Amino acid sequence: MIRRPPRSTQSRSSAASDVYKRQGKSDEALGVFEKIIAAKDDDGSGLAYYNAGVILQGKGDLEKAESYYRQAIALEPTLNEAYYNLGVVLRTKGDAEAALAQFATVMTVAGMPVDLRVSALTNTAELKAAKGDTKGAQADYDEAVSLSPAVSVPP
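Just add 29 to wherever you are in the sequence shown, counting from 1, and you've got the numbering used here.
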């Protein structure tokens, strides 16, 4: 009989959290991610912070989601979605200036997917329009359209 080496606690926890997420059991998945975070195992904890942030954002716990996204970025700077989601959290909290700065960061991160760049630009345009900066908003909408012609620009 061939014995496989035991999987790490990290990979077993990640697999369990995936099952919980697919079953719509976000509290259980959050518990798994927080166990990974508490273990202070840097291997994969950036992703655990990110996933926990997504769940917390969905639950409306924006303060903790913001903190978790910041931790995810610090531990794993290649988690592109964490940069964007942090901007969305900041915007939702009403911190337009911090959101604008975060969406600007999204535009500078190497390897950022086009859809996230387009979403960052449209968020930036909406924030600028709300502040009365119609020229800046139009420039951002134009750039979004240049990246993805399917983007619809509001009148």
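Yeah, the Cβ is synthetic: ideal placement off N, Cα and C, and Gly gets one too.
Remember, it's a predicted structure, so these values are computed and weren't measured experimentally.
TODO: Can you tell me which of the three DSSP states Q100 falls into?
DONE: Working through the sequence shown from its first residue, we reach residue 100 at position 71. Three-state DSSP puts Q100 in a helix.
TODO: Label S74 either buried or exposed according to how many other C-beta atoms from any shown protein chain fall within 10 Å of its C-beta, with 16 as the threshold for buried.
DONE: As a position in the sequence shown, residue 74 is number 45, starting the count at 1. S74 should be labelled buried.
Task: K122 - DSSP class collapsed to helix/strand/coil - done: By 1-based counting over the sequence shown, the position of residue 122 is 93. Of the three classes helix, strand and coil, the one that applies to K122 here is coil, per DSSP.
- [ ] Would you identify the three-state DSSP class for V138, choosing helix, strand or coil?
- [x] Residue mapping note: residue 138 aligns to position 109 of the sequence shown, counting from 1. The answer is coil: DSSP assigns V138 none of H, G, I, E or B.
- [ ] Over the uninterrupted alpha helix (DSSP H) stretch that includes A160, give me the two end residues.
- [x] Sequence index remark: in the sequence shown, residue 160 carries index 131 (1-based). The sequence shown places Lys at residue 160, rather than the Ala named in the question. Element bounds for K160: n/a, residue is neither H nor E.
Task: CA-to-CA distance, P106 to G82, given in whole angstroms - done: The sequence position of residue 82 within the sequence shown is 53, counting from 1. The sequence position of residue 106 within the sequence shown is 77, counting from 1. Whole-angstrom Cα-Cα distance: 15 angstroms.
Task: Separation of L59 from G161, as counted between CA atoms - done: Taking the first residue of the sequence shown as 1, we reach residue 161 at position 132. Taking the first residue of the sequence shown as 1, we reach residue 59 at position 30. Approximately 40 angstroms, taken between the alpha carbons.
Open item on the list: Please report the straight-line C-alpha distance between S55 and N152, rounded to a whole angstrom.
Closed with: Translated into positions along the sequence shown, residue 55 becomes position 26. Translated into positions along the sequence shown, residue 152 becomes position 123. So the alpha carbons of these two residues sit roughly 27 angstroms apart.
TODO: Assuming Y97 contacts L108 (C-beta within less than 8 angstroms), just tell me the rounded distance between them.
DONE: Within the sequence shown, residue 97 is the residue found at index 68, counting from 1. Within the sequence shown, residue 108 is the residue found at index 79, counting from 1. Not a contact, Cβ separation roughly 11 angstroms.
Task: Delimiting residues of the alpha helix (DSSP H) encompassing A199 - done: Outside the displayed span of the chain (30 to 184) sits residue 199, for which this structure offers no information.
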